[in-house]
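The structure appears right after this line, and notes come after that.
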Amino acid sequence: MNPQIIAISNHKGGVGKTTTTVNLGAGLAHLNKKILLIDLDPQANLTQSVGLANETENLYGCIKKMYKPNPIGFAARLWAIPGSIDLSGLEVEFNNEPGREFVLKDLLTPLKESFDFILIDCPPNLGFLTLNAFCAADRVIIPLQAEFLAMHGLTRIIEIIGKVQSRINPNLQLEGIVITQYNSRKILNKDIAATAEKHFGDKVFKQFIRENIDLAEAPSRGQEIFRSSPGCNGAKDYYWLARELMRRLVPESGWY
Ligand SMILES: Nc1ncnc2c1ncn2[C@@H]1O[C@H](COP(=O)(O)OP(=O)(O)OP(=O)(O)O)[C@@H](O)[C@H]1O
Ligand SMILES: [Mg+2]
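Residues in the sequence shown are numbered from 267 upward in steps of one, following the working numbering.
Written out as structure tokens, the structure is:
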């Protein structure tokens, strides 16, 4: 398998993008893959979630060529490049520069060979930063929170992925939709999952991520779920999601 860059994106806020980036990454690391996480969100939640809030070098400085990218190892087979609030100014700073949608791709291309996966945690909008993620990525995974109005707006992001694919990055594919914060006791949750499967068929990962308090608490410890609460439902769900992703990407390997 070639190294893969995967953007984790949904312009809706709070749907589980950061949680999925960190813990799908950790699940893949448990499958012996080398993972780099990129915090592309000016909120820098991923950076805080993996305990790197006090690092001095960050993605903004790398993009501005203030220093070379130096991924920081924070657990076995897991590295990250931290984000910061300065990322929100990049759009204006690159305003008149041709090829401004490729600044992230330029940064990640030389790093790609050193990892099996680069996962990009996108901000909750479809602006300049997300466009950069789609131009750099091979695949997009969309987390979908199983709640009222979850599907609303999904056509918009899928349309943007299609436009980027046809105009800028022919390599880009929608890899799949992950149902997050799922609670089988809530009838609405079941309905939304069923609707998503009806509309998007096999694109919806079979493994749902259940609502799990340990997943919500792990970021405050600066740890991914496998270290924070091994054996909890959140760790199980992200482990099996990682295996499902590997099975999709390398179908000839029976192992996953
Ligand atoms: N499966 C889950 N069970 C319980 N809580 C969850 C789960 N997934 C995420 N959360 C919690 O829900 C909140 C939103 O999740 P997260 O930060 O991952 O979403 P996001 O899409 O990255 O948000 P934003 O759009 O602000 O970047 C967080 O407090 C997180 O801890
Ligand atoms: Mg987030």
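By construction, the Cβ of each residue, glycine as well, lies at the ideal position given by its N, Cα and C atoms.
Distance check for residue j and residue i, CA to CA, integer angstroms please.
| i | j | result |
| --- | --- | --- |
| residue 463 | residue 457 | 10 Å |
| residue 520 | residue 387 | 29 Å |
| residue 365 | residue 330 | 14 Å |
| residue 377 | residue 478 | 34 Å |
| residue 396 | residue 310 | 14 Å |
| residue 492 | residue 401 | 31 Å |
| residue 455 | residue 293 | 24 Å |
| residue 495 | residue 439 | 33 Å |
| residue 384 | residue 328 | 16 Å |
| residue 504 | residue 487 | 18 Å |
| residue 348 | residue 472 | 31 Å |
| residue 428 | residue 390 | 19 Å |
| residue 460 | residue 420 | 15 Å |
| residue 278 | residue 424 | 13 Å |
| residue 306 | residue 313 | 10 Å |
| residue 369 | residue 517 | 33 Å |
Using a 10 Å radius around the Cβ and a threshold of 16 neighbouring Cβ atoms, would you call residue i buried or exposed?
| i | result |
| --- | --- |
| residue 320 | exposed |
| residue 371 | buried |
| residue 379 | exposed |
| residue 451 | exposed |
| residue 324 | buried |
| residue 442 | buried |
| residue 342 | exposed |
| residue 523 | With the chain represented from 267 up to 522, any question about residue 523 goes unanswered, as that position is not in the structure. |
| residue 465 | exposed |
| residue 482 | exposed |
| residue 326 | buried |
| residue 375 | exposed |
| residue 267 | exposed |
Shorter than 8 Å, the distance from the beta carbon of residue i to the closest heavy atom of ligand 2, or not?
| i | result |
| --- | --- |
| residue 515 | no |
| residue 312 | yes |
| residue 278 | no |
Using a Cβ-based criterion (distance less than 8 Å to any ligand heavy atom), does residue i qualify as near ligand 1?
| i | result |
| --- | --- |
| residue 396 | no |
| residue 307 | yes |
Subject >> Minimum length 4: unbroken alpha helix (DSSP H) runs contained in the segment 413-478 >> reply: The segment 413-478 contains these whole alpha helix (DSSP H) runs: 420-433 and 453-466.
Original post:
Just checking, does the segment 408-419 make contact with the segment 345-352 on the three C-beta pairs under 8 Å criterion?
Top reply: Here the segment 408-419 makes no contact with the segment 345-352; the two share fewer than three CB pairs at distances below 8 Å.
Subject >> Unbroken stretches of the beta strand (DSSP E), 3 residues or longer, contained in the segment 281-305 >> reply: Counting whole runs of 3 or more residues, the segment 281-305 contains the beta strand (DSSP E) stretches 301-305.
Subject >> Every unbroken alpha helix (DSSP H) inside the segment 358-413 [4 residues or more] >> reply: Qualifying alpha helix (DSSP H) stretches, in chain order: 369-378 and 394-402.
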